[in-house]
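A.B. asks:
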Amino acid sequence: MMEFHFNAELATAYGVDGAIFLHAMAFWVAKNQANGRHFHEGRTWTYNTLEALTKLFPFWSKRQIERITGRLREQGALLSGNFSEDKTDRTLWYALSDAVLETYGLSAPPISPNGEMHFT
Numbered sequence: 009m010m011e012f013h014f015n016a017e018l019a020t021a022y023g024v025d026g027a028i029f030l031h032a033m034a035f036w037v038a039k040n041q042a043n044g045r046h047f048h049e050g051r052t053w054t055y056n057t058l059e060a061l062t063k064l065f066p067f068w069s070k071r072q073i074e075r076i077t078g079r080l081r082e083q084g085a086l087l088s089g090n091f092s093e094d095k096t097d098r099t100l101w102y103a104l105s106d107a108v109l110e111t112y113g114l115s116a117p118p119i120s121p122n123g124e125m126h127f128t
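Quick note: the sequence shown uses our numbering, first residue 9, plus one each step.
1) Would you report the Cα separation of Lys96 and Val24, rounded to the nearest angstrom?
2) From this set, Leu61, Leu104 and Glu17, which residue's C-alpha is nearest Ser74's C-alpha?
3) Does DSSP put Arg51 in a helix, a strand or coil?
4) The beta strand (DSSP E) that contains Gly2, what's its start and end?
5) Where does Leu80 fall in DSSP's three states?
6) Need the endpoints of the alpha helix (DSSP H) that Leu104 sits in, please.
7) I'd like to check one pair, Arg79 with Ser88: are the Cβ atoms closer than 8 Å?
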């Protein structure tokens, strides 16, 4: 049985649905950050197809997920991009805003002028 959690502060700011989605993304971003994976444009990203997201969140339809992610992007909590090597792949990649990262005690690793990441 899957359990879903959310941060009350984020739920107040972005609604319960938004907070649930952000909590899941924070888990994957933290995992990718720990593994040194999916670092682009100074941020750690995670990705999933819309179909995969409907399996991860079985209580939301594709349309609901599109609305939730769209609203979070409009509010500045969620960033999206496409970093797939295959340019025909339209899978969206997600990163969290600095404010959301701070809520979870996460941050993007600082980048030196030559583009190297520095972990402390």
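For glycine and all other residues, C-beta sits at the position ideal for the given N, C-alpha and C.
C.D. replies: In terms of the structure at hand:
1) In the sequence on display, residue 96 carries Thr and not Lys. Roughly 33 Å separates the two Cα atoms.
2) Just to set this straight, residue 74 is Glu in the shown sequence, not Ser. Residue Leu61 is the option with its Cα nearest to Glu74.
3) strand
4) This structure cannot settle anything about residue 2, because the visible part of the chain is limited to 9 through 128.
5) helix
6) Not the alpha helix (DSSP H): Leu104 falls in the beta strand (DSSP E), residues Trp101 to Leu104.
7) no
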